[in-house]
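For the sequence shown, UniProt numbering begins at 1 and goes up steadily by one. Heads up, the beta-carbon is just placed ideally off N, CA and C, and yes, glycines get one too.
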Amino acid sequence: MLTPSPNPNAVSPTMPEVHELPATLEGVTHVHLVGIGGIGMSGLAHLLLKQGIQVSGSDRSDSPITRRLADEGARIFTGHHAANLQQPDWLVYSAAIPADNPERAAAREKGILQMDRAALLGILMKQYPHSISVAGSHGKTTTTALLAMLLEWGGLDPTILVGGELDAIGGNVKAGGGEVMITEACEYQGSFLRFPARIGLVLNIDLDHLDYFPDLAAIQAVFRQFVNQLPTDGLLVMPANDTNSRFLVQEAPCRVITIEVDPPPGEAVPLTPPGNTQQLTATALAPLPGGCWSFNLLKNGSDLGRFHLGIPGKHNVHNALAALAAALELGVKSHRLQELLPRFTGIHRRFETHGHWAGVTVVDDYAHHPAEITATLAAARTLLAEAPLAETSPTAAVPLCPDTTHHRIVCIFQPHTYTRTHALLHDFAQALALADVVVVTEIYAAREPDNGLVHSRDLVDLVSARGTHASYCPDYQAAARTAAAAAEPGDLIITMGAGPVNEAVPLISEALLDRTPNADTPDPLSY
1 MLTPSPNPNA VSPTMPEVHE LPATLEGVTH VHLVGIGGIG MSGLAHLLLK QGIQVSGSDR
61 SDSPITRRLA DEGARIFTGH HAANLQQPDW LVYSAAIPAD NPERAAAREK GILQMDRAAL
121 LGILMKQYPH SISVAGSHGK TTTTALLAML LEWGGLDPTI LVGGELDAIG GNVKAGGGEV
181 MITEACEYQG SFLRFPARIG LVLNIDLDHL DYFPDLAAIQ AVFRQFVNQL PTDGLLVMPA
241 NDTNSRFLVQ EAPCRVITIE VDPPPGEAVP LTPPGNTQQL TATALAPLPG GCWSFNLLKN
301 GSDLGRFHLG IPGKHNVHNA LAALAAALEL GVKSHRLQEL LPRFTGIHRR FETHGHWAGV
361 TVVDDYAHHP AEITATLAAA RTLLAEAPLA ETSPTAAVPL CPDTTHHRIV CIFQPHTYTR
421 THALLHDFAQ ALALADVVVV TEIYAAREPD NGLVHSRDLV DLVSARGTHA SYCPDYQAAA
481 RTAAAAAEPG DLIITMGAGP VNEAVPLISE ALLDRTPNAD TPDPLSY
């Protein structure tokens, strides 16, 4: 377990400066977005188009996202060139776009106002009386999506911006007609400090983004600043038992709801002044078919009833508590939430079952941090060990391969960024060793150059030293063949990582079928 900094109030020398920017979109008729094909930028483009603002933008390549935006009315350019920039009111750029980008340089020459994605999102959030930021090192996308759908099905018609594809809204964004806006709030580069949230959810704090933050104290400091920005009539939802974030309960200028899963009897929770803190707890957890869980929900000790998850993984009970706390705050009744919770069966790339081939189930997950890998593999292990259960679930989120009993986990892992892999190398090895067979691909660089300090083979060696069979395969083809060769009927293959490792899924299915003469048609499925 990571040791918390002794000084969570320390201010990082890398803390971002928040510059003065326009407070509203008043007078803005045209916005140009550089990096428009990213999941976050494309969502902002959609919201601008829905408000009648002309949108143009560029990305390095054509994609389904850019084509969808073009169909909605955006003018899309492939590649970054100064000529792409006409005369917009604002230029907005993603975190991946450097200052010397030709379009940004042209904007400086023309005197066009520039801002990053977080700044524009903050301006949009000011339009909503009830703005919600979902923050934390892990679980943001699932919690944002779950809360968004609880509010949508609960009749609040929220505006939604989530970091993944959600089938229920046809993508990652929805322009609602209500007074609520919900978005993920990432701590990287202090982005979430631009978001004027009325309700803030902090799911956890962990050591991450080490290309920007020097240590855990710096991460805690930026979360402290995020909490301090909440209005006095706002709400903070946070865990009662997360060592690294527990100090925040004393920092909040507003009401606090602490959440906890199966709290030990008599555990003391640090409170702000009397009446300012409430508790939401999950007790009497029980497994359900499909790797899901049920629990009793208690608010300040009063039992609100039995709740059933529709997504696998015990860690998602924690995420559900955070979503339920915010939904209750916004007026959705507990009995209605009991009905709605099991309807949510997931978001793409979060323990997403792609199909069953040759008796093997293939799953993809976005886990790219040791804590996330541990939680995801625990969910997979629960699914493998599944036996007839006393309870029945209203929904089975992860159907099992018919007529088989799962036995082993074969994991294809794509490390994400050199700094994260190097800093947390031993933690990654410990987490991955929970699988039975591990295949490690080349490190996905994302925004970073190769610092020469770490290689995927280093991770393979450490996993092997822990007694788990591990191998290095530089590309998806080799990784898919290796995983398929290792898997037996009843096993589960899972691809994991924040990069495009999910592109290996069709290659895995092909490799599984190639080894099975006269194989039946594959049984793909998705949700």
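Is Ile443 helix, strand or coil by DSSP?
For the purposes of this step, residue 443 is taken as residue 443 along the sequence shown, with counting starting at 1. In the structure shown, Ile443 sits in coil (DSSP, three-state: anything other than H, G, I, E or B).
By alpha-carbon positions, which one of Gly154, Ala23, Leu166, Pro88 ends up nearest to residue 548?
Within the shown structure, residues of the chain are numbered from 1 to 527, placing residue 548 beyond reach of any answer.
In its own chain, which residues sit with a C-beta less than 8 Å from the C-beta of Val363, not counting the 5 before and 5 after it?
Taking the first residue of the sequence shown as 1, we reach residue 363 at position 363. Only Phe351, Glu352, Thr353, His354, Ala380, Val398, Leu492, Ile493, Ile494, Thr495 meet the Cβ criterion.
Just how far apart, CA to CA, sit Ala135 and Leu193?
Position 135 of the sequence shown, counting from 1, holds the residue named residue 135. Position 193 of the sequence shown, counting from 1, holds the residue named residue 193. Spanning the two alpha carbons is a distance of roughly 11 Å.
What residues in its chain sit with their C-beta under 7 Å from that of Gln54, if we drop five residues either side in the sequence?
Locating residue 54 in the sequence shown gives position 54, counting from the first residue. Thr29, His30, listed in sequence order.
Which residues DSSP lists as bridging Leu298, in chain order:
To locate residue 298, count along the sequence shown from 1; it is residue 298. Paired residues: Thr281, Asp303.
Which residue's Cα is closest to the Cα of Ala433: Thr374, Ala485, Thr419?
Your numbering for residue 433 matches position 433 in the sequence shown. Measuring from the Cα of Ala433, the nearest candidate turns out to be Thr374.
Report buried or exposed for Leu341, applying the criterion of at least 16 other Cβ atoms within 10 angstroms of its Cβ.
Start at 1 with the first residue of the sequence shown, and residue 341 comes out as number 341. Leu341 comes out buried.
Considering Leu179, what are the terminal residues of the beta strand (DSSP E) in which it resides?
As a working note, residue 179 is residue 179 in the sequence shown. Reading off the sequence, residue 179 comes out as Glu, not Leu. Glu179 -> no beta strand (DSSP E), and no H or E assigned at all.
Gly57 by DSSP, collapsed to three states: which one?
Residue 57 sits at position 57 when you count from the first residue of the sequence shown. Residue state, collapsed to three classes: strand.
Complete beta strand (DSSP E) runs within the UniProt domain "Mur ligase N-terminal catalytic" (30-128) (minimum length 3 residues, chain order)
30-34, 54-59, 75-78, 90-93, 113-116
Which first and last residues belong to the beta strand (DSSP E) in which Leu161 is found?
Here residue 161 is taken as the residue at index 161 of the sequence shown, counted from 1. It spans 159-166 - the beta strand (DSSP E) in which Leu161 sits, taken as one unbroken run.
What does the Cβ neighbour count give for Arg349, buried or exposed, with the cut at 16 atoms within 10 Å?
If you number the sequence shown from 1, residue 349 lands on position 349. Result: buried.
Measure the CB-CB distance between Val460 and Val440 and report whether it falls below 8 Å.
To locate residue 460, count along the sequence shown from 1; it is residue 460. To locate residue 440, count along the sequence shown from 1; it is residue 440. Yes. Within cutoff.
Could you tell me whether the Cβ atoms of Val34 and Ser58 are closer together than 8 Å?
For the purposes of this step, residue 34 is taken as the residue at position 34 of the sequence shown. For the purposes of this step, residue 58 is taken as the residue at position 58 of the sequence shown. Yes; because the gap between Cβ atoms is below 8 Å, this pair is in contact.
Hey, Gly52 and Gly163: beta-carbon distance below 8 Å or not?
As a working mapping, residue 52 is identified with position 52 in the sequence shown. As a working mapping, residue 163 is identified with position 163 in the sequence shown. The answer is no: Cβ separation not under 8 Å.
Alpha-carbon to alpha-carbon, Arg306 and Gln338:
Position 338 of the sequence shown, counted from the start, is the residue given in the question as residue 338. Position 306 of the sequence shown, counted from the start, is the residue given in the question as residue 306. Taking the straight line from one Cα to the other gives about 7 Å.
Compare the C-alpha of Asp365 against each of Ile311, Phe344, Leu324 and name the closest.
As a position in the sequence shown, residue 365 is number 365, starting the count at 1. Asp365 has its Cα closest to that of Ile311, out of Ile311, Phe344, Leu324.
Identify, in the order they occur along the chain, each residue of the same chain with its Cβ nearer than 8 Å to the Cβ of Val317, setting aside the five sequence neighbours on each side.
Taking the first residue of the sequence shown as 1, we reach residue 317 at position 317. Take Val317, set aside five residues on each side of it, and the residues of its chain with a beta-carbon closer than 8 Å to its own are Val261, Ala282, Leu285, Trp293, Phe295, Leu309, in chain order.
Using a threshold of 8 Å, state whether the C-beta atoms of Leu280 and Leu321 are closer than that.
Along the sequence shown, read from residue 1 onward, the residue named residue 280 stands at position 280. Along the sequence shown, read from residue 1 onward, the residue named residue 321 stands at position 321. The answer is yes: Cβ separation under 8 Å.
Identify, in the order they occur along the chain, each residue of the same chain with its Cβ nearer than 7 Å to the Cβ of Pro253, setting aside the five sequence neighbours on each side.
Translated into positions along the sequence shown, residue 253 becomes position 253. If we look at Pro253 and ignore the five residues flanking it on each side, its Cβ neighbours are Asn228, Leu230, Thr232.
What is the DSSP secondary structure of Asp427, counted as helix, strand or coil?
Taking the first residue of the sequence shown as 1, we reach residue 427 at position 427. Helix.
Beta-carbon proximity list for His416, same chain, < 8 Å, skipping 5 on both sides:
Translated into positions along the sequence shown, residue 416 becomes position 416. Same-chain partners within the cutoff: His368, Ile443, Tyr444, Ala446, Gly497, Ala498, Gly499.
DSSP three-state assignment for Asn276, whether helix, strand or coil
Working through the sequence shown from its first residue, we reach residue 276 at position 276. Shown here, Asn276 sits in coil according to DSSP, grouped into three states, outside any helix or strand.
Using the DSSP secondary-structure output, state which residues sit across from Asp364 in a beta bridge.
For this step, residue 364 is matched to residue 364 along the sequence shown. In DSSP, Asp364 forms a bridge with Glu352, Thr495.
Measuring straight from C-alpha to C-alpha, what distance separates Gln278 and Pro263?
Walking along the sequence shown from the start, residue 278 turns up at place 278. Walking along the sequence shown from the start, residue 263 turns up at place 263. When rounded, the distance between both Cα atoms is 14 Å.
DSSP has Leu236 in a bridge; who is on the other side?
Taking the sequence shown and counting its residues from 1, the one referred to as residue 236 is at position 236. DSSP output for Leu236 lists Gly200, Val256 as bridge partner(s).
Using the C-alpha atoms, what's the distance from Ala485 back to His469?
As a working note, residue 469 is residue 469 in the sequence shown. As a working note, residue 485 is residue 485 in the sequence shown. Looking at the two C-alpha atoms, the distance is approximately 13 Å.
Considering only the alpha carbon of each residue, which of Leu85, Lys50, Leu120 lies closest to Gly177?
Sequence index remark: in the sequence shown, residue 177 carries index 177 (1-based). Comparing C-alpha distances from Gly177 to each of Leu85, Lys50, Leu120 shows the shortest one belongs to Lys50.
Can you check DSSP and say which residues form a bridge with Ser133?
Counting from 1 along the sequence shown, the entry for residue 133 is found at position 133. According to DSSP, Ser133 bridges with Thr183, Gly200.
What does the alpha-carbon distance come out to for the pair Leu207 and Ala479?
Working through the sequence shown from its first residue, we reach residue 207 at position 207. Working through the sequence shown from its first residue, we reach residue 479 at position 479. For Leu207 and Ala479, the distance between alpha carbons rounds to 29 Å.
Report all residues from its chain with a CB closer than 6 Å to the CB of Gly73; omit the five preceding and five following residues, and keep chain order.
Locating residue 73 in the sequence shown gives position 73, counting from the first residue. Answer for Gly73: Leu49, listed in chain order.
Host beta strand (DSSP E) of Ile373 (start-end)
Here the question's residue 373 lines up with position 373 in the sequence shown. Taken as a continuous stretch (DSSP letters only), Ile373 belongs to no beta strand (DSSP E), being part of the alpha helix (DSSP H) at 370-384.
Between Ile412 and Ala371, what straight-line distance do the alpha-carbon atoms span, to the nearest angstrom?
The count along the sequence shown starts at 1 and reaches residue 412 at position 412. The count along the sequence shown starts at 1 and reaches residue 371 at position 371. When rounded, the distance between both Cα atoms is 17 Å.
Does the distance from the CB of Ala197 to the CB of Ser131 come in under 8 Å?
Looking up residue 197 in the sequence shown gives position 197. Looking up residue 131 in the sequence shown gives position 131. Closer than 8 Å, so yes.
Cβ distance (whole Å) where Tyr93 is taken to contact Gln127 below 8 Å:
In the sequence shown, counting from the first residue as 1, residue 93 sits at position 93. In the sequence shown, counting from the first residue as 1, residue 127 sits at position 127. Rounded, the Cβ-Cβ distance is 22 Å, inconsistent with contact.
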